[in-house]
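*Asks:*
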Amino acid sequence: MDSVTRHILDLSRRGLLRGATAMAALAATRPAFAQRVAPMPVFRTDPFPLGVASGDPWPDGVVIWTQLSQDPLGDGGLPPEALELGWEVAEDEGFTRIAARGTALARPELNHSVRVEVTGLRPAARYHYRFHAGGVASPVGRTRTAPAPVARPARMRFISAGCQHYEQGLYTAWRHAATEEDIDFVFHYGDYIYEGRANTGRSGNFPAIRSHNSPPVETLEAYRRRYALYQLDPDLRAAHHAHPFITSFDDHEVENNWAGAISARAGIGPEVLALRKAAAFQAWYEAMPVRRGQIPRGPEVTAWRGIAWGTLASISVLDTRSHRDDQPCGDFVKPVCEAVLNPAAQVLGPEQESWLFRRLAGAEAVWSILAQQVPVMRRDVGGANGDETPRYDMDKWDAYPAARARLLNHVWEARVANLVVLTGDVHTAWAGTLRPDYDREGPALGVEFIASSISSAGDGGETSATGQRALERNPHIRFFNARRGYTLHQADERRMQTWFRAVPYVSRPGAPLEDRAHFVVEAGRPELIPA
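Using numbering that gives the first Met the number 0, the letters of the sequence shown map in sequence onto residues 0 to 530.
(1) Note the first and the last residue of the continuous alpha helix (DSSP H) segment covering residue 356.
(2) What did DSSP end up calling residue 281 once you bin it into helix, strand or coil?
(3) The beta strand (DSSP E) that contains residue 55, what's its start and end?
(4) From 295, 140 and 35, pick the residue whose C-alpha is nearest to that of residue 51; which is it?
(5) Kindly indicate which residue of 521, 77 and 417 has the alpha-carbon position closest to the one of residue 107.
(6) By Cβ distance, which residues of its chain are closer than 6 Å to residue 513, with the 5 residues on each side in sequence left out?
(7) Is residue 510 buried or exposed, if buried means 16 or more other CB atoms sit within 10 Å of its CB?
(8) Go ahead and label residue 162 buried or exposed: buried means 16 or more other beta carbons lie within 10 angstroms of its beta carbon, across all protein chains shown.
(9) Using the rule of at least 16 other Cβ atoms within 10 Å of the residue's Cβ for burial, across every protein chain shown, is residue 483 buried or exposed?
(10) Pair every Cβ in the stretch 276-288 with every Cβ in the stretch 304-316, then say whether three or more of these pairs are closer than 8 Å.
(11) Determine the closest residue to residue 118 out of 221, 59 and 518, with distance taken between C-alpha atoms.
(12) Can the beta-carbon of residue 184 be found closer than 8 Å to that of residue 251?
(13) What would DSSP say about residue 493, mapped onto helix, strand or coil?
(14) Nearest to residue 546 by alpha carbon, out of 399, 362 and 384?
(15) Ignore the nearest five residues each way along the sequence and tell me which others in residue 179's own chain have a CB closer than 8 Å to its CB.
(16) Do residue 421 and residue 186 have their CB atoms nearer than 8 Å?
(17) Counting pairs of Cβ atoms below 8 Å between the stretch 491-505 and the stretch 513-527, do you hit three or more?
(18) Does the distance from the CB of residue 372 to the CB of residue 319 come in under 8 Å?
(19) Below 8 Å on the Cβ atoms is my contact criterion, and I expect residue 113 with residue 65 to pass it. Report the Cβ-Cβ distance as a whole number of Å.
(20) Here's the rule: buried if 16 or more other CB atoms are within 10 angstroms of the residue's CB, otherwise exposed. What is residue 384?
(21) How many angstroms separate the CA atom of residue 124 from the CA atom of residue 415?
(22) So, for residue 96: in the same chain, excluding its five sequence neighbours on each side, which residues have a beta-carbon less than 8 Å away from its beta-carbon?
(23) How many Å lie between residue 515 and residue 361 at the Cα?
(24) Three-state secondary structure (DSSP) at residue 37?
(25) Run through the stretch 253-329 for me and flag every whole beta strand (DSSP E) of 3 or more residues, listed as ranges in chain order.
(26) Nearest by alpha-carbon distance to residue 81: which of 94, 121 and 40 is it?
(27) Do three or more CB pairs link the stretch 417-435 to the stretch 446-465 at distances below 8 Å?
(28) Contact check, residue 289 vs residue 55 under 8 Å by CB: the rounded distance?
(29) If we count the other Cβ atoms within 10 Å of its Cβ and call it buried at 16 or more, is residue 30 buried or exposed?
(30) Give the C-beta separation of residue 458 and residue 505 to the nearest angstrom, bearing in mind that I take them to be a contact with Cβ-Cβ under 8 Å.
(31) Quick one: is residue 326 buried, meaning 16 or more other Cβ sit within 10 Å of its Cβ, or exposed?
(32) Would DSSP call residue 221 helix, strand or coil?
(33) Using the beta-carbon count (16 or more within 10 Å), is residue 530 buried or exposed?
(34) When you compare the CB positions of residue 188 and residue 159, do they come within less than 8 Å of one another, or not?
(35) Quick one, which of 478, 401, 390 and 370 has its alpha-carbon nearest residue 247's?
(36) Roughly how many whole angstroms lie between the Cα atoms of residue 568 and residue 37?
What follows is the structure in C-alpha cells.
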C-alpha cells in the first residue's frame, strides 16, 4: 500500500470512528437514563421473528441475543426509540428455577438488537433462556456455560460449520445439528451471509434454489436485511435455539476475497472499502451473540479472542481477513510468483499474531485449538490435463508461507502440544497434518480439519478432479469430500475424534445425515488415524 492510499485510509478510519457506527457502539454501553425509553408498542405480529441465540460461553455466564422487529426484511417497523424488554435464564425449560433475570434496552442505533452478558451462572451447566416484550414471550433457547478454569471435563463435544449461501442450497445440515447433536457449542467460522445480488435460475455456477432479497449489499440497511433473510430460515434458527455459537467472520460478510484494507473489486479504493466494512461489521455485530469486546470501531473490529474449556482445551478464535496483506499473484489458483516469497507476509497481522503466540506458549490445556477461516496446510492442486506445475490458492495460507512458517515454527519452539486447526471457506471437506516445511517433510506438529459448507456450491459430490489431484500430490492430506455438512468433534484428555458429517443433497428438503469419514488423533501424537 503506498503512502497516499495509507493516508486516505487513515483519514477515513478517523472519520468513521467519530461517525454513526462508533456512536452506535457507545449507545450499547450507555446507562439506561442516557436515552428516553419509549412505551412498548402494540405488536401487529410476532416481535421476535428472528428468534433467539446465545454465544461465547464463559464459566460464569453466556451472551444471550434477540432482536425486536415487525418488518425484518424492511425497515424494522418499530419507532426510532429505545424499547425495554425483559429476559430470564432458568435451569429448566419450564422456567420454574430462575437463575438470572433482568431488563435490557433494544436500541434503534443497533437495529433494536439486544445482547445480554449474563453472569452469576454455574460452570458447565445447561440453561434455558427467553425474552419478553409487550406481553409476548420469545422462543426458548438452550445454552450452556464453559467448565470452571481449573476443571478437567470428561469430554468436550462441538461442531465446526459455516459457508451457508442462501441461494445455493437448503440448510438441512443445520436442522440435523439442532435436533440430533448433543454438543457443547458450535464454532461458526464465517460466510454467515453472502453479499451478492438476487438471482433466479442460477447463482454463480450453481442452481439457485431460492433467491436473495436485494441487489449486492453495500449499505448498513442492506446488510441488515440480508442477515434477516438468513436468520428467518427455520433450520438456522433452530440451530441457534439449540446450541451456543462461537462466531467469527470470513470474506462474504463484507465482500468476496477482501484482504485488510484492499478490495478484490477493480476500482474500489480503500476509503470506499472502509465505509463498506463499517456497515458490514455493524450489521454483523447486531446479528451475532457476541460480547461488547467485539463492538466495531468503524471499519475495524477485534474479532479474535480466546475461550477456555476448563483445562481440556484452549480455543483461539482468529480473524484471517482484517489484518492480512493483499493476495499475491493476482489472487485465485496460480503457480507461485515472487510475491509469495515475501518474508514479512502477514495473515494475522503483528498484533493478533503476537497475541496468539503468547496464548499458545502459555496454554496449559490438553488441546490447543485454532478456530479460523482459510486452509493452513499446503494444498498443491496442480493443473488440468496432466500439467505438473504446482498451483496454490492465493487466498489461503499457501500464499503466505512465511506467515505459516512463523506460526508452525513457534508451535515447535514453544512445544505446543496437540494443535488442532479448524477451518472452512473452500466448500469441500479435508483432513491433513501440519508441517513447518512441506518441502523437507518436516515433523508433523498438528492436524487440520476443514469443514465443507452448509449449502454453498450446491449439492456437490463425493469427489472432484481438484480434490483427486490434491490427494495424489499432497501425502499429508488424508481425506477429501465435496458433499455439504459439518465436522463433529469429541475430545477428552486422551484423544480427539472427528466425524465428517454430510447430507447427500441440499437442492431439496429431507436429506439424511451421513458420515463420510471418522478420524482419531491421540494426545501427544499429531497424526490422523482412520477409525
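Beta carbons: idealized from backbone N, C-alpha and C, even for Gly.
*Replies:* Working from what's here:
(1) Residues 349-361.
(2) In the three-state scheme derived from DSSP, where H, G and I count as helix and E and B as strand, residue 281 is classed as helix.
(3) Annotation for residue 55: the continuous beta strand (DSSP E) segment containing it runs 51-57.
(4) Of the candidates 295, 140 and 35, the one whose C-alpha sits nearest the C-alpha of residue 51 is 140.
(5) Looking from the CA of residue 107, the closest CA among 521, 77 and 417 belongs to 77.
(6) Answer for residue 513: 501, listed in chain order.
(7) With 16 or more neighbouring CB atoms inside 10 Å of its own CB, residue 510 falls in the buried class.
(8) Buried is the call here.
(9) Using a 10 angstroms sphere on the CB of residue 483, the tally of other CB atoms reaches 16 or more, which defines it as buried.
(10) Inter-segment contact for the stretch 276-288 and the stretch 304-316 is absent: fewer than three beta-carbon pairs are separated by less than 8 Å.
(11) Nearest neighbour of residue 118 by Cα position, chosen from 221, 59 and 518, turns out to be 59.
(12) Result no, Cβ atoms of residue 184 and residue 251 do not sit closer than 8 Å.
(13) Under the three-state reduction of DSSP output, residue 493 falls in the coil class, being neither helix nor strand.
(14) Any property of residue 546 remains undetermined from this structure, which presents the chain solely from 0 to 530.
(15) A distance below 8 Å between beta-carbons, with the five flanking residues on each side excluded, links residue 179 to the following residues of its chain, in chain order: 512.
(16) Contact: yes.
(17) Taking one beta carbon from each stretch, the stretch 491-505 and the stretch 513-527 have 3 or more pairs nearer than 8 Å; the two touch.
(18) Taking the C-beta atoms as reference points, residue 319 is found nearer than 8 Å to residue 372.
(19) Contact flag correct, Cβ pair sits at about 5 Å.
(20) It counts as exposed.
(21) For residue 124 and residue 415, the distance between alpha carbons rounds to 29 Å.
(22) So the list reads 89 and 90, once near-sequence residues are dropped.
(23) Whole-angstrom Cα-Cα distance: 36 Å.
(24) In this structure, residue 37 counts as strand in the three-state DSSP scheme.
(25) Taking only runs of at least 3 residues, the beta strand (DSSP E) segments lying wholly in the stretch 253-329 are 304-308 and 312-316.
(26) If we check each option's Cα against that of residue 81, 40 comes out closest.
(27) Yes, the stretch 417-435 is in contact with the stretch 446-465.
(28) In this structure, residue 289 and residue 55 form a Cβ contact; the two beta carbons are roughly 6 Å apart against a cut-off of 8 Å.
(29) Low confidence applies to residue 30: its pLDDT is 42, below 50, so where it sits in the model is not reliable, and the reading given next is rough at best. Here residue 30 is exposed. Its C-beta has fewer than 16 other C-beta atoms within 10 Å.
(30) Taking 8 Å as the upper bound for CB-CB distance, residue 458 and residue 505 are in contact here, some 6 Å apart.
(31) By the Cβ neighbour-count rule, residue 326 is buried, with 16 or more other Cβ atoms within 10 Å of its own.
(32) In the three-state DSSP reduction, residue 221 falls in the helix class (H, G or I).
(33) Exposed, since its Cβ has fewer than 16 Cβ neighbours within 10 Å.
(34) Yes; because the gap between Cβ atoms is below 8 Å, this pair is in contact.
(35) Nearest to residue 247 by C-alpha distance, out of 478, 401, 390 and 370, is 370.
(36) The structure shown does not extend to residue 568, since the chain is modelled only from 0 through 530, so no value can be given for it.
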